[in-house]
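Here's the structure we're looking at; comments come further down.
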Amino acid sequence: MLEASRLTLAYDGGPVIEALDLSLPGDRVTAIIGPNGCGKSTLLKALARILPVRSGRVTLDGEDMAHLPPRALARRLAILPQAPRAPEGIRVADLVRRGRLPWRGLLSPWREEDRAACAEALAAVGMTELADRDLAELSGGQRQRAWLALVLAQRTPWLLLDEPTTYLDLTHQMEVLGLLRRLNRQSGTAVVSVLHDLNLAARYSDHLVLLGENGVIAAGRPEHVLTPEHLGAAFGLRAQVMPDPVTGTPMVVPLDTPETEVPA
Amino acid sequence: MRGAASLALLLVLASVAALLHGQIDAAPSVLWQGLVTGEGPGALILDTIRGPRVATALGAGAVLGLSGTIFQTLFRNPLAAPDLLGFNAGAGLAIIAGIAFGIALPAPVLAAIGGLAVAGVVGALAWRRGSGTPALTIILVGLGTGFTATALATFLMTLLPGTAAAEAQRWLTGSLAARNWAHAAQVWGFGMALTLLAFSQARPLMVMELGGELATGLGVRAEPARWRISGIAVLLAAAGVAVAGPVPFVALMAGPFGARMTGARSPAARMAAGAAAGALIVVLADLLARASVPGLQLPVGVATGLLGAPYLLWRLSREMDKGDL
Amino acid sequence: MRQAALLALLLGLGAALSLTTGPRALGLSDFHTALTAYDPHDPAHVTLMAIRLPRLVAGLIAGAALGVAGTVMQTLTRNPLADPGILGINAGAAFALLLGAAVFGRADQAAIALFAFPGAALASVAVFALGGGLRGDAGPVRLTLAGAALNALLLSMVTAMVLVRQESLDILRFWVAGSLTEAVYRPVAQMALLACTGAALALLIAPLIEALSMGADMARGLGTRPARVQAGGLLAVTLTTGAAVAIAGPIAFLGLMAPHLARPLAGASLRAQLGTSAALGALILTLADVAGRIILAPGEVRAGIMVALLGGPVFVWIARRLRPGAMA
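Chains Z, B and X, in that order, are what the protein sequence lines are. Take the first sequence: its letter number 21 is residue 20 in numbering that gives the first Met the number 0, and every next letter is one higher. Take the second sequence: its letter number 229 is residue 228 in numbering that gives the first Met the number 0, and every next letter is one higher. Take the third sequence: its letter number 147 is residue 146 in numbering that gives the first Met the number 0, and every next letter is one higher.
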């Protein structure tokens with residue numbers, strides 16, 4: 000369980016999230032959704048402790064995260080930020096090796112388990128053949144899979160991802176989301192992502208958290224979260240929700256948008 | 000309009016102050032007497048000691064300021080100034096080379112050759128087919144070319160005998176010491192001619208300011224216009240460097256300062272304001288450098304360096320906050 | 000492995016050149032006898048052991064230290080144009096040593112080196128901080144311009160000091176002109192110790208710097224503390240740069256070039272890059288020193304000028320290859 004209680008988060012200005020309570024199930028696929036600027040990414044960063052908490056607390060399996068040493072936390076929870084910076088001219092295999100950092104001392108040699116973790120991570124994302132390629136030569140989807148392999152090599156029970164599908168076309172979005180779900184099913188890794196596309200989120204997640212301007216509007220199974228009332232409250236959007244003809248998961252079909260006046 | 004008037008007034012006041020103050024302060028009455036009668040200490044100050052120096056400072060500052068304003072407008076970047084782009088360093092290198100190899104060409108010609116050569120190198124190296132060269136690439140390539148020119152100048156200075164090297168070093172700092180009317184006439188003569196040329200380009204510059212693609216759409220042939228305008232601006236900078244040395248940061252500061260003071264918007268108005276601001280900066284900096292340490296005349300470049308460096312750092316942090324850099 | 004052997008071979012060649020080149024033509028056999036049967040009355044032996052060997056050693060140490068400093072700074076800032084020696088530090092060292100000489104009234108080579116160290120070290124940190132490096136978003140343009148601005152500021156103050164205090168000029172000449180030739184009079188051993196400490200620190204925390212180079216968020220996610228890593232990296236830069244400038248005089252652009260040449264040879268590992276860059280830095284400075292002795296023989300051009308003649312074009316070459324997106 001990854002839980003937040005009375006969580007308040009703020010950047011330099013006013014609070015972005017105030018007194019938020021949330022509980023995310025372990026060994027599930029969770030998606031955090033909501034309108035722009037509602038603090039989805041901010042919340043995810045706080046859950047991974049890469050953003051300091053203004054007040055309230057986050058607990059990981061019952062332990063207060065504030066008391067965990069950074070390395071201990073990095074062995075239990077991995078995060079893929081929205082825009083990690085790729086070192087110039089790096090090969091995929093070298094990138095993935097960096098995921099082993101929390102498990103290695105500064106002077107310890109490269110061990111068999113490190114090698115195995117990297118090989119497994121590369122295999123999980125289907126990049127074994129591309130391991131020796133320069134990251135910059137790869138397509139957007141392949142690059143995102145390489146970054147995924149890095150956090151997978153971290154071998155953590157929790158995996159948090161900040162908009163892992165941004166800048167990808169639909170095919171690659173589905174590829175990445177399908178990969179995350181497969182990971183969860185095969186190894187029990189708890190996956191939490193911030194996503195934009197409601198229908199894809201519903202299709203690939205077990206658990207949805209819908210954020211609005213004033214905190215959590217609904218959380219739970221997709222069919223309970225994606226309702227016209229909730230969507231109206233979160234997005235100010237009139238929509239119909241019908242079963243996805245392919246998977247049966249809820250599918251959001253927006254009705255008319257309020258007329259926007261074009262200035263003359 | 001009020002801003003323009005106050006800038007002009009400041010310029011006059013600064014010039015008078017620069018004539019009055021120095022190693023030996025002169026009373027206004029003495030100066031006045033010298034002006035009217037053409038005799039006495041006032042006349043000496045006006046004719047030989049400070050008069051030509053102030054006239055040279057005004058001219059050099061104006062051409063440097065005008066040059067900086069043109070570049071900043073052309074590349075739409077407040078950091079694009081001939082000193083940062085390496086042109087001043089190129090002009091300086093040419094003059095040092097002239098001293099080292101005994102090339103018997105007048106300083107402005109050498110400076111122009113050096114400045115234009117560096118401008119050509121920077122333009123050729125930074126130029127990218129099609130997309131149009133980003134201003135930041137030009138600035139970086141210009142900086143690097145300037146570093147190279149400075150390294151070459153340092154290298155050449157090791158060839159010079161001690162006294163010549165010290166003189167060259169002083170020259171490279173930017174100095175207005177011992178300037179005579181020939182210097183003033185030179186910078187004003189070249190400056191006037193180039194200024195006329197520059198203002199003839201105000202209209203294409205106005206269009207270029209919108210960006211090369213839009214300029215093409217509006218019927219201005221962007222590439223030739225850019226080269227033409229750059230060439231004039233380089234020559235302007237070279238005219239200033241030839242008489243005052245590569246005085247740092249004047250060209251960088253003058254444009255924004257002039258525009259801020261006068262509220263000028265159109266390129267032509269900004270160019271005029273930039274020239275006036277450049278003249279004001281150099282006259283004041285020279286006054287400051289002469290008067291700050293008793294018994295000692297610091298070169299003007301020291302003062303503009305001390306003023307300009309904090310300005311550049313401030314500008315950087317502002318561009319940073321705007322997210323442009 | 001082949002590359003390491005090649006580098007070692009090149010370094011050996013450079014060292015041999017450095018020992019044998021100069022106004023007095025000497026062979027390696029002279030060096031051998033000087034080592035095995037030193038004769039204090041043989042001018043060849045004295046030249047080798049008291050002038051050329053210290054000069055070689057100082058060049059190797061300073062070059063290696065700047066290679067390390069440049070690699071750390073470029074990785075830390077993810078900025079291919081970052082160089083502790085770009086502008087800034089040399090002027091900082093000059094300013095500090097003039098100030099030190101004025102305040103403490105000492106101007107011998109040892110004192111000058113001691114004054115230059117904090118000047119260079121502080122200036123390297125200041126360039127980094129002013130260029131936005133501490134915010135973790137230093138772009139090449141910003142960092143370079145901040146260096147240029149600081150350089151201009153310090154140089155103006157140096158010029159002013161030289162004009163105000165006449166003896167300052169002699170002190171400055173003493174330091175600048177001396178460069179590697181005066182190395183024997185400088186506290187090379189102490190500075191070498193500082194440089195080695197800095198290099199060892201850089202090697203130790205290299206994996207953490209690698210993590211930080213992927214962004215502060217990624218680094219935190221991997222269990223590191225970005226502020227500490229940055230402080231550690233800066234300390235390493237400060238120690239190596241300060242020591243290098245203190246023993247070898249003003250040298251710019253070496254920290255820029257060496258990492259760029261090292262990267263394709265060393266691959267992705269920062270530790271390998273550090274080692275390779277140190278070797279290349281030592282090699283370049285040694286060769287520059289040799290070239291400076293040849294080009295105007297019997298006169299000399301100091302190694303720093305030779306490096307700058309090479310470094311300026313390299314800077315332009317790197318700047319041209321930057322994609323517009325990587326600029327800010």
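Glycine is no exception: its CB is placed at the ideal position from the N, C-alpha and C atoms.
- Distance from Thr72/B to Glu208/B at the Cβ level is roughly 5 Å; contact confirmed, criterion being Cβ atoms closer than 8 Å.
- Between Ser291/B and Leu283/B, the alpha-carbon positions lie close to 12 Å from each other.
- Check the Cα spacing between Asn179/B and each of Val120/B, Thr147/B and Ala243/B: the tightest is with Ala243/B.
- For Val57/Z against Thr41/Z, the beta-carbon gap comes to about 13 Å, at or over 8 Å, which does not count as contact.
- The continuous alpha helix (DSSP H) containing Asp285/B extends over residues Pro266 to Ser291.
- Shown here, Trp126/B sits in coil according to DSSP, grouped into three states, outside any helix or strand.
- In the DSSP assignment, the residues bridged to Leu1/Z are Leu23/Z and Leu59/Z.
- Within the same chain, Cβ atoms closer than 8 Å to the Cβ of Ser5/B are found at Met260, the five residues on either side in sequence being excluded.
- Taking the Cα positions, Ala125/B is about 9 Å away from Ala318/X.
- Taking a Cβ-Cβ cut-off of 9 Å, the neighbours of Thr143/X in chain B comprise Ile138, Leu139, Leu142 and Gly143, given in sequence order.
- Within 8 Å of the CB of Ile304/X, the CB atoms of chain B belong to Ala150, Thr153, Phe154 and Thr157, in sequence order along the chain.
- The Cβ atoms of Pro83/Z and Met213/X sit closer than 8 Å to each other.
- Under a 10 Å Cβ-count criterion, Gln73/X is classified as buried, with 16 or more other Cβ atoms of the shown protein chains found around its own Cβ.
- Chain B places no beta carbon closer than 8 Å to that of Leu179/X, leaving this residue out of the contacts.
- Within the DSSP secondary-structure output, Gln143/Z pairs in no beta bridge.
- Taking Ala54/B as the centre and dropping the five residues before and after it, the same chain places the C-beta of Ala183 closer than 6 Å to its C-beta, in chain order.
- The continuous alpha helix (DSSP H) containing Leu178/Z extends over residues Leu169 to Ser186.
- Of the residues assessed, Glu299/X falls on the buried side of the cut-off, its CB having 16 or more other CB atoms within 10 angstroms.
- Taking 8 Å as the cut-off between beta carbons, the residues of the segment 41-53 of chain Z near chain X are Lys44, Ala47, Arg48 and Ile49, in sequence order.
- Under the three-pair Cβ rule at 8 Å, the segment 59-68 of chain Z does not count as touching the segment 114-132 of chain Z.
- Taking 8 Å as the CB threshold, Val289/X stays off the interface with chain B.
- Those residues of the segment 212-234 of chain X placed with their C-beta closer than 7 Å to a C-beta in chain Z are Ser212, Met213, Gly214, Asp216, Met217, Arg219, Gly220, Leu221, Gly222, Thr223 and Arg224, ordered along the chain.
- In this structure, Gly294/B keeps its C-beta atom at 8 Å or more from the C-beta atom of Gly67/B.
- The alpha-carbon of Ala145/X is positioned some 17 Å away from that of Met156/X.
- In the three-state scheme derived from DSSP, where H, G and I count as helix and E and B as strand, Leu8/Z is classed as strand.
- Between the beta-carbon of Leu200/X and that of Leu234/X there is about 6 Å, and that keeps the pair under the 8 Å contact cut.
- Under the Cβ criterion of 8 Å, Asp93/Z is counted among the residues facing chain X.
- Cβ proximity to chain X below 9 Å picks out Pro68, Pro69, Arg70, Ala71, Leu72, Ala73, Arg74, Leu76, Ala77, Ile78, Leu79, Pro80, Gln81, Ala82, Pro83, Arg84, Ala85, Pro86 and Glu87 from the segment 66-87 of chain Z.
- Counting only residues of its own chain and dropping the five nearest sequence neighbours on each side, Arg169/B has a CB closer than 7 Å to the CB of Pro298.
- Taken in chain order, the members of the segment 190-211 of chain X whose beta-carbon sits within less than 9 Å of a beta-carbon on chain Z are Leu203, Ile204, Ala205, Pro206, Leu207, Glu209 and Ala210.
- The beta carbon of Tyr37/X is closer than 6 Å to those of His44 in its chain, skipping five residues each way along the sequence.
- Between the alpha carbons of Ala148/X and Ala251/X lies a distance of about 15 Å.
- Within chain X, the residues Leu203, Ile204, Pro206 and Leu207 have their CB atoms less than 8 Å from the CB of Leu105/Z, given in chain order.
- Chain-ordered, the chain X residues with CB closer than 8 Å to the CB of Phe248/B read Ala151.
- Take the alpha-carbon of Asn87/B and the one of Gly114/B: they are about 6 Å apart.
- In the DSSP assignment, Gln239/Z forms a beta bridge with Val252/Z.
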